[in-house]
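A.B. asks:
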Amino acid sequence: MQQQHIFRSIRMAIWSITGIVALGLAGCSKTFLDRDALDAIPNDQFWKTEGQLKLAANACYDYLKGKNVVDMENMGDNTIYPPMTDYLAIATGNFDFTLGTLNSEWANQYAGIRRCNHFLENYQKAEGIQPAKLAQYAGEVRFLRAFLYSYISFFFGDVPLITNTIDIGDEQVMGPRNPRAQVADFILQQLDSAAAELPATYPAADLGRITKGAALGWKARVALFYGKYDVAEAAAKAVMDLNVYQLYTGGGANSYNELFTHKGKLSNGVNKETMLARLYLIDVIMHNMSRECQVPDQGARFCPTKSLVDAYLCTDGMPIEKSPLYNEGAQQAYGDVFKDRDPRMSQTILAPGATWGGQDDGDQDDKPSAIFNLPKFNADKKGCVTATGYYFTKYVQVSAVATYNKDPNDIHIMRYAEVLLTYAEAREMQGKLTQADLDISINLLRDRVGMHHMIISELAAWGMDLRQEIRRERRVELALEGQRYFDLLRWKQGNLLAADVKGMKKSFLPAYMQPYVASLKVDANGYMIVNTDRRFQDPKNYLWPIPLTQFQRNPQLGQNPGWQ
10 MQQQHIFRSI RMAIWSITGI VALGLAGCSK TFLDRDALDA IPNDQFWKTE
60 GQLKLAANAC YDYLKGKNVV DMENMGDNTI YPPMTDYLAI ATGNFDFTLG
110 TLNSEWANQY AGIRRCNHFL ENYQKAEGIQ PAKLAQYAGE VRFLRAFLYS
160 YISFFFGDVP LITNTIDIGD EQVMGPRNPR AQVADFILQQ LDSAAAELPA
210 TYPAADLGRI TKGAALGWKA RVALFYGKYD VAEAAAKAVM DLNVYQLYTG
260 GGANSYNELF THKGKLSNGV NKETMLARLY LIDVIMHNMS RECQVPDQGA
310 RFCPTKSLVD AYLCTDGMPI EKSPLYNEGA QQAYGDVFKD RDPRMSQTIL
360 APGATWGGQD DGDQDDKPSA IFNLPKFNAD KKGCVTATGY YFTKYVQVSA
410 VATYNKDPND IHIMRYAEVL LTYAEAREMQ GKLTQADLDI SINLLRDRVG
460 MHHMIISELA AWGMDLRQEI RRERRVELAL EGQRYFDLLR WKQGNLLAAD
510 VKGMKKSFLP AYMQPYVASL KVDANGYMIV NTDRRFQDPK NYLWPIPLTQ
560 FQRNPQLGQN PGWQ
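So the sequence shown is numbered by my numbering: it starts at 10 and just counts up by one.
(1) Using DSSP's beta-bridge definition, name the partner residues of residue 531.
(2) Are at least three pairs of beta-carbons, each pair with one atom in the region 79-86 and one in the region 129-138, less than 8 Å apart?
(3) Identify whether residue 544 lies in helix, strand or coil by the three-state DSSP scheme.
(4) Name the residue from 278, 411, 155 whose alpha carbon lies nearest to the alpha carbon of residue 254.
(5) Give a yes or no on whether the C-beta atoms belonging to residue 361 and residue 336 are separated by under 9 Å.
(6) According to DSSP, is residue 563 part of a helix, a strand, or is it coil?
(7) Would you kindly check if the distance between the Cβ of residue 506 and the Cβ of residue 563 is under 9 Å?
(8) Could you give the first and the last residue of the continuous alpha helix (DSSP H) run that contains residue 110?
(9) Answer yes or no: the CB of residue 96 versus the heavy atoms of the ligand ADP, is any distance below 8 Å?
(10) Using CA coordinates, which residue listed in 333, 478, 570, 444 is at the minimum distance from residue 466?
(11) Starting from residue 1, trace the alpha helix (DSSP H) in both directions and tell me its first and last residue.
(12) Between the C-alpha atoms of residue 239 and residue 91, what's the straight-line distance to the nearest angstrom?
(13) Check whether the region 421-439 and the region 288-306 are in contact - that is, three or more C-beta pairs closer than 8 Å.
(14) Give the C-beta separation of residue 231 and residue 197 to the nearest angstrom, bearing in mind that I take them to be a contact with Cβ-Cβ under 8 Å.
(15) Would you call the CB atoms of residue 263 and residue 544 closer than 9 Å?
(16) Hey, residue 312 and residue 396 are a contact pair by Cβ (cut 8 Å); roughly how many whole angstroms apart?
(17) If you reduce the DSSP assignment to three classes, tell me which class residue 210 lands in.
(18) Ends of the alpha helix (DSSP H) at residue 76?
(19) Anyone know if the C-beta pair for residue 109 and residue 423 falls short of 9 Å?
(20) Which residues mark the beginning and the end of the beta strand (DSSP E) in which residue 511 is found?
(21) Please state whether the Cβ-Cβ distance between residue 460 and residue 270 is less than 9 Å.
(22) Quick one: what's residue 341 bridged to in DSSP?
(23) By how many angstroms is the C-alpha of residue 370 removed from the C-alpha of residue 245?
(24) Checking 9 Å against the spacing of the C-beta atoms, do residue 386 and residue 525 come in under that value?
(25) Compare the C-alpha of residue 147 against each of 161, 157, 165, 125 and name the closest.
(26) If you draw a straight line from the alpha carbon of residue 191 to that of residue 159, how long is it in whole angstroms?
(27) For the pair the region 315-323 and the region 471-491, tell me if three or more CB-CB distances fall below 8 Å.
(28) Can you tell me where the alpha helix (DSSP H) holding residue 364 begins and where it ends?
(29) Under DSSP, the beta strand (DSSP E) around residue 423 begins and ends at which residues?
(30) In chain order, what residues of the same chain have a beta carbon less than 7 Å from the beta carbon of residue 354, not counting five sequence neighbours either side?
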């Protein structure tokens, strides 16, 4: 079946390619106890057919990030999950080089890089394969290697640049480190090569494979992160000029939200917006995202912050502190916060009257409800508890909430919407942005939801900063997609991570719910303070420390500034 796409074959591919790599590196003499495994093909007997080559390429896809992309949202200021997880420790700045996530990210990226290197060292041995097909597989793996190097350089800065297959224990993996700028140049070069080798589209049977547009789009993201704005602009425009992608509008006025549900899956054939995704298939490979947002008997794993809620403009295009549509002092109820706001707000953050899967909410009847009314703070295992007073509806398929780990929603790693945002930001950072540029980028995003256009002359008249508004647009469009933390780092706004995390106004809760929030302090305006004692040291926290495990293996790695 066509929907049985690439990721269904990854598990089988992983077992096969792991055996290939292990046997290829063994190099020992053959004895009765040292023979070729019966369930794996030795390296010198592999790389012969297109089927084997495809199997090896598919195995590299195992390192394409999936739901863990969304998990990284909790490192920023859009969401919070209060228990002291590794991600919260990073967000608050209260961690050191012994944190387990640091080492797992380092080790996982390099394990994937090693697998990609092994492929690229051997793929040309295959015989009887059309040159274009051979180049395609190489392009896919070059992209994946660049993808992995992107994250590891975003996290750690200078890292070892390894382009050949070596044993995991080899000191070359741990050091010495190459300068971050050199790694960035390598990533961009590899993405150029991949874009030249990859097709713009695939037949339905190859759904999920990496395309030319994905390579160009990822190049735009990396170039933007490293301040290469002319490169980012050119790469984004190249994607736009492919005329392959367009914003998803299949759900009418609710299209933005629908994109992140079952209806927006790539396999449905109507989503031309998603450029790179980790695809999931019911009963084959699934995740738990919908349930974690509205888990019925526990606390939500992703709770929107007041900072994110306040970021949404009013429908007139003005921020809440300027718009006559928003009168904070006149608000009497929880639902007033959602009135006259950018439609993406209620398609991202659960508003009263919306369907939900969290069962009992914060109303007084103490019974399950399919309709959300008020937030719940009493942890009685009857309904979903929020830390901030807010819940996400984006990425929630209500039918998947009730069952653990049975969510087949696509996880969107890169969308055409991001490319449009990148194009506008890159143009603005070069002082080249025009109204015509906004009309072919950001205003297309606003048109999808029926939001007031971004108009440069209006912003100036209202005393609003164009750069800040472009950044705001990126924040609200890409909320819960794992990019906010990296945006704060590249904008050098790490200080925002040091601010107290706040939630809803405590006075909006009815009397019967007040005892459950009595211990929470409030700010001068009555908003709950959910998380304090956060810190961000500049320049220290703009990089993660080299993990203790890696440093112990090879002190040549050194340590990042401030972490010694």
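Ideal placement from N, C-alpha and C gives every residue a C-beta, glycine not left out. This structure is a prediction, so every number in the text was calculated from the model and none was measured.
C.D. replies: On the basis of the data shown:
(1) As a working mapping, residue 531 is identified with position 522 in the sequence shown. The partner list for residue 531 (beta bridge, DSSP) reads 537.
(2) no
(3) By one-based count along the sequence shown, residue 544 stands at place 535. Reduced to three states, the DSSP call for residue 544 is coil.
(4) Within the sequence shown, the letter at position 245 stands for residue 254. The shortest C-alpha separation from residue 254 is found at 278.
(5) Stepping through the sequence shown from its first residue, residue 361 is reached at position 352. Stepping through the sequence shown from its first residue, residue 336 is reached at position 327. No, the pair does not count as a contact, with Cβ atoms beyond the cut-off.
(6) Reading the sequence shown from its first residue, position 554 is the one you call residue 563. DSSP places residue 563 in coil when its eight states are reduced to three.
(7) Walking along the sequence shown from the start, residue 563 turns up at place 554. Walking along the sequence shown from the start, residue 506 turns up at place 497. Not a contact, by the Cβ cut-off of 9 Å.
(8) Position 101 of the sequence shown, counting from 1, holds the residue named residue 110. That run of the alpha helix (DSSP H) goes 109-131.
(9) Among the components of this structure there are no ligands whatsoever, and the ligand ADP is therefore not found.
(10) On the sequence shown, position 457 is the one that residue 466 refers to. Among 333, 478, 570, 444, the Cα nearest to that of residue 466 belongs to 444.
(11) Since the first residue shown for the chain is 10 and the last is 573, residue 1 is missing from the structure and cannot be characterised.
(12) As a working note, residue 239 is residue 230 in the sequence shown. As a working note, residue 91 is residue 82 in the sequence shown. Residue 239 and residue 91: Cα-Cα distance of roughly 40 Å.
(13) no
(14) Along the sequence shown, one-based indexing puts residue 231 at 222. Along the sequence shown, one-based indexing puts residue 197 at 188. Going by Cβ atoms, the distance from residue 231 to residue 197 rounds to 6 Å, so yes, they are a contact pair.
(15) As a position in the sequence shown, residue 263 is number 254, starting the count at 1. As a position in the sequence shown, residue 544 is number 535, starting the count at 1. The answer is no: Cβ separation not under 9 Å.
(16) Position 303 of the sequence shown, counted from the first residue, corresponds to residue 312. Position 387 of the sequence shown, counted from the first residue, corresponds to residue 396. About 4 Å separates the two Cβ atoms, so the contact holds.
(17) For the purposes of this step, residue 210 is identified with residue 201 of the sequence shown, where counting begins at 1. DSSP places residue 210 in coil when its eight states are reduced to three.
(18) For the purposes of this step, residue 76 is identified with residue 67 of the sequence shown, where counting begins at 1. Counting along the chain, the alpha helix (DSSP H) containing residue 76 begins and ends at 76-80.
(19) If you number the sequence shown from 1, residue 109 lands on position 100. If you number the sequence shown from 1, residue 423 lands on position 414. Taking 9 Å as the Cβ cut-off, residue 109 and residue 423 do not qualify as a contacting pair.
(20) Against the sequence shown, residue 511 aligns to sequence position 502. From DSSP, the beta strand (DSSP E) with residue 511 extends over 510-514.
(21) As a working mapping, residue 460 is identified with position 451 in the sequence shown. As a working mapping, residue 270 is identified with position 261 in the sequence shown. No, the pair does not count as a contact, with Cβ atoms beyond the cut-off.
(22) Here residue 341 refers to the residue found at position 332 when the sequence shown is read from its first residue. None, per the DSSP bridge assignment.
(23) Here residue 245 refers to the residue found at position 236 of the sequence shown. Here residue 370 refers to the residue found at position 361 of the sequence shown. If I take the Cα positions, the gap works out to 43 Å.
(24) Along the sequence shown, read from residue 1 onward, the residue named residue 386 stands at position 377. Along the sequence shown, read from residue 1 onward, the residue named residue 525 stands at position 516. Contact: yes.
(25) Residue numbering aside, residue 147 sits at position 138 when the sequence shown is read from its first letter. The residue with the shortest Cα to Cα distance from residue 147 is 125.
(26) As a first step, residue 191 must be located in the sequence shown, where it is residue number 182. As a first step, residue 159 must be located in the sequence shown, where it is residue number 150. Looking at the two C-alpha atoms, the distance is approximately 12 Å.
(27) yes
(28) Walking along the sequence shown from the start, residue 364 turns up at place 355. Where residue 364 is concerned, there is no enclosing alpha helix (DSSP H), given that its DSSP letter is neither H nor E.
(29) In the sequence shown, counting from the first residue as 1, residue 423 sits at position 414. Its beta strand (DSSP E) spans residues 420-424.
(30) Mapped onto the sequence shown, residue 354 falls at position 345. Only 321, 347 meet the Cβ criterion.
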